[in-house]
Structures are given as C-alpha cells and as structure tokens.
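Numbering (full-length UniProt numbering), first residue to last: 1 to 423. Backbone N, C-alpha and C fix where the C-beta goes; we use that ideal spot for every residue, glycine too. Beneath this line is the structure, given in structure tokens, with notes to follow.
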Ligand SMILES: NC(=O)c1ccc[n+]([C@@H]2O[C@H](COP(=O)([O-])OP(=O)(O)OC[C@H]3O[C@@H](n4cnc5c(N)ncnc54)[C@H](OP(=O)(O)O)[C@@H]3O)[C@@H](O)[C@H]2O)c1
C-alpha cells in the first residue's frame, strides 16, 4: 500500500441508518487524530448528512470531504478506494451492492471492513478475492458488526485462554445469549429477504448456505452442524434454545478456526450458538418462535406483506431503543482431552450493558475494526497472531487488538473469575 493516503477511513454508505452512526462516532469521539471522509452515490444526501453532523457535533465538520461514486462505474469506486487506507462499507444488501466495492479495495490495495451478515455473499467474495488479497497483503474483513464480531471474538477469547494459560486445544465452544434488547432496521430486513430470495431461486446456493463450513475449503470440513433443538446446559444452569444469528456466526467462527488453526488444523472444533432460557417451557417457546420467524422469512411470497409491516430501508430503531438496549453473551469453552479425561471449562462474558448490539454496537464495532486496520498497521504486521491478507474474519485479521479497542469503547470482554474449572 502507498505509504500515505489522504484518508485513514472512508465510509461508503454514510447516508444509511448504520453508516450515519459510524460517522457520528467519528464526529463525537475522534475529533482529532483520524482523517476521514463520507462517500456514497448522492451529493445532496451526503451534504445533508454533513450539515446535520456539523450542527450536532461542531461546525468544523463542515470540512469533512465528500466523495461520490457509482456502483456501475468501477473507476469512480477505484478513485475512492485509492484515497484511503481503509474502506468502510455499510451499503447493503451486500449481495446487490457489495462486490464492486470489495473489487475496488482489492485492486487499490486498500483494507476493507463491512457489516454484512450475508454468508452466501461472503462465500462468493472468498472465492473471488481471497488469494489476490492474501498475495497483496490486503485485509478484507466482512462481518465486523454484531454479526459476527462479539461471537467471533468471544470464541477467540476463551480459546486463547485455553491455549496460552492451560496449554490445551479447544474441543467445543458455546456462545449463549443471556439477554439482549434492541431493534431492527429496514436495511437488515431488505438484506435478509434478498438473501432468502436468492437461495429460493438457487438450490445449490441454498444447500451451501445451510452448511456451517460454507466459508472454508472442502478439505477443512468437519462434522459440526447447526443447533435447532432444546437442551440443558449444566455449566450455565439454563436450557438452550436456537439462536437465529447462528446461520452467519457459525460460519465465521469456523472460518476463524480454519485460518487461526485453533484446533491444530484437525477440523474437530465444535461450535454452538444458543439463547439461554430459565425453563424448558421458555426455551421451547424461543425455539418455536424462532422456527416460525425463519419459516415466514423463508417464503418469498410473504415478503411483500412483511415489507409493509416492518421498517423500510433507511429506517431503524429509535435513539431511545439504542441507548437503553444491551446485550450479554456467555461464552463457554471445553478443552480437548485424551482418554476420557474430564475437560476443563473456560467461561467468558462478552457484553455491552449500556447500548444495543445491533446498531449502536454494530457501528462502533465496525468503526473500531476500521481504525484498528488503519492506525495499528505496524502492530498487526508485527504480530504472529493475526493474518496479513486475504478475506478474513474479525478474529483472524485483528484478534486481541480489536478486543482491546472494543474494551476501550465500553464493551465487555472478560474471562470469568477462576478462568477455568473441571467439568
Ligand atoms: N452485521 C450487523 O450486525 C448489521 C447491523 C446493521 C446493519 N447491517 C447490514 O448493513 C446494511 C445496511 O443496513 P442499514 O439499515 O444501515 O441500511 P440503509 O439505511 O437502507 O442504508 C443503505 C445504504 O446503502 C446505500 N445504497 C443503497 N443502494 C445503493 C447503490 N445502488 N449505490 C450506492 N449506495 C447505495 C444507501 O445510499 P442512499 O442513501 O444513497 O440510498 C445507504 O447509504 C444491510 O445490509 C444490513 O443488513 C448489519
């Protein structure tokens, strides 16, 4: 990459619900020390955003540069990408609007982060760009929002503890949602519906998307699967029910395992995601509710009706919903043992007690990932624990460096008292 670029980060899709939150975090918390610009397709909407930012956070923001691009004009995107160290993309559905932006980033030698939760699209990006990005030492990192950062980094945290403190490999990791509160945006609904419509019209894509190993090469597939049942977890003293975001996070954690070789490259790691519930009945209700929502979303003919009932693109949860939201995950890891020995159990908490994970949290995670790549390049380049290029995951591209940044931003990533106990 050229040593000096005009910007550290550029937000492509800044006019959207989540893109605007990223710009707000920069305007409020990084008044100095970061060179940034906003980008998109509409000069008018970007000027309106800049005016609103300057009214809210200071008149100096009237100077934030605006860059215009057009998804149908690759040179316009190349021009934006070549001016920045890191391209942030929040313009989704990514299956519709994402690929030309990644293409521009890889060609320009620009690191890239986004907030897609569309695993089938990520699979296409890996096939098209992983090798070139790896050869150029360009870090392309999708899934830097709530899907899948807290889950991917939570798994890394307990696995790191097992490997470094206990000298053991992981056999299994469970990420359990203990509680959460937040809302949903129209952009997320549009992306989910688009992904489902694409899968419904392409059986091969659907089959691949259902595979928890859809983001790793064939030779690295193991025998893990999704969790759609109800079961008791003695370590948590709770029942477990299915968690819908497993259809993204599972794939990302398995890619991190493949890239970071958590299990020594044996493809034996098992990964489970779940919602924790107090009683069997509560867990059963979560399971049936989740299956009903997934079933309704899976019917393309239901989409026009759902679109009328749910937020439209550009809309999202209110400030109050985000400010009074929270998420709290418990990560449980079991070590791999030989000859029937009892595994050690490591537990961690990953949470934001004060903000919702889906939008406020997502925009913060995305920004901190971008700033990690832009401002901590030397540390990342020198660390043996992160990869230097390719289509990566938050854990494999930034690992503990990103954990530190998110802790500083108010999120919780902690190994729980005692660190490890015998099951
Ligand atoms: N990972 C997570 O946890 C997470 C959380 C939140 C959102 N997301 C994902 O992030 C994406 C954005 O969500 P959102 O709610 O912020 O969406 P949104 O409010 O609808 O914003 C979409 C953005 O994309 C831009 N865009 C749309 N079509 C474009 C085109 N043809 N050319 C250039 N720009 C275009 C829009 O620009 P204009 O203003 O010019 O229309 C806008 O800036 C979705 O895919 C969503 O699923 C993920």
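- For residue 201, the number of other beta carbons within 10 angstroms of its own is below 16, and it is reported as exposed.
- Looking only at 293, 75, 89 and 32, the smallest Cα-Cα distance to residue 61 is reached by 32.
- The C-beta distance from residue 143 to residue 122 rounds to 7 angstroms, short enough to meet the 8 angstroms contact threshold.
- Across the structure, residue 161 and residue 26 are spaced so that their CA atoms are roughly 32 angstroms apart.
- Under a 10 Å Cβ-count criterion, residue 37 is classified as buried, with 16 or more other Cβ atoms of the shown protein chains found around its own Cβ.
- By the Cβ test, the region 343 to 357 is not in contact with the region 86 to 96, since fewer than three Cβ pairs between them sit closer than 8 angstroms.
- The continuous alpha helix (DSSP H) containing residue 381 extends over residues 377 to 382.
- The DSSP-derived three-state label of residue 20 is helix.
- Taking residue 416 as the centre and dropping the five residues before and after it, the same chain places the C-beta of 347, 348 and 349 closer than 7 angstroms to its C-beta, in chain order.
- Distances from the alpha-carbon of residue 227 to those of 272, 43 and 193 put 272 closest.
- Remark: C-beta atoms of residue 15 and residue 46 approach each other more closely than 8 angstroms.
- Counting along the chain, the unbroken alpha helix (DSSP H) around residue 401 starts and ends at 399 to 408.
- Residue 298 has its alpha-carbon roughly 42 angstroms from the corresponding atom of residue 381.
- Under the DSSP definition of a beta bridge, residue 217 lacks any partner.
- Non-local beta-carbon contacts of residue 149 in its own chain, meaning distances under 6 angstroms to residues more than five positions away in sequence, involve 365 and 394 in chain order.
- For residue 236, there is no enclosing alpha helix (DSSP H), since its DSSP letter is neither H nor E.
- For residue 71, the Cβ falls inside the 7 angstroms cut-off from some heavy atom of ligand 1.
- The beta carbon of residue 34 lies closer than 6 angstroms to those of 8 in the same chain, with the five residues before and after it left out.
- The C-beta separation of residue 386 from residue 397 comes to about 6 angstroms, placing the pair in contact by the 8 angstroms criterion.
- Between residue 43 and residue 80, the C-beta gap is not smaller than 8 angstroms, which leaves the two residues out of contact.
- DSSP, reduced to helix, strand and coil, places residue 192 within a helical segment of the structure shown.
- In this structure, residue 359 lies near residue 182, with their beta-carbon atoms less than 8 angstroms apart.
- Per DSSP, residue 288 is one residue of the alpha helix (DSSP H) stretching across 280 to 297.
- The three-state reading of DSSP puts residue 257 in helix, counting H, G and I together.
- Following the DSSP letters along the chain, one finds residue 111 in no alpha helix (DSSP H) but inside the beta strand (DSSP E) bounded by residues 111 to 114.
- Secondary structure at residue 40: strand, using DSSP grouped into helix, strand and coil.
- Just measuring C-alpha positions, the residue of 154, 106, 157 and 113 sitting nearest residue 138 is 106.
- Around the beta carbon of residue 374, 16 or more other beta carbons lie within 10 angstroms, which makes this residue buried.
- Under DSSP, residue 87 forms a beta bridge with 10 and 112.
- Taking the Cα positions, residue 192 is about 30 angstroms away from residue 261.
- Excluding five sequence positions before and after residue 209, the CB atoms of its chain that fall closer than 7 angstroms to its own CB belong to 119, 120 and 199, given in chain order.
- Not a single heavy atom of ligand 1 lies less than 7 angstroms from the C-beta of residue 394.
- Annotation for residue 269: no alpha helix (DSSP H) segment contains it, and DSSP assigns it neither H nor E.
- Each of 170, 207 and 24 was checked against the Cα of residue 55, and the nearest Cα belongs to 24.
- Boundaries of the alpha helix (DSSP H) harbouring residue 149: 149 to 161, taken from the DSSP string.
- In this model, residue 243 and residue 234 are separated by some 18 angstroms (Cα to Cα).
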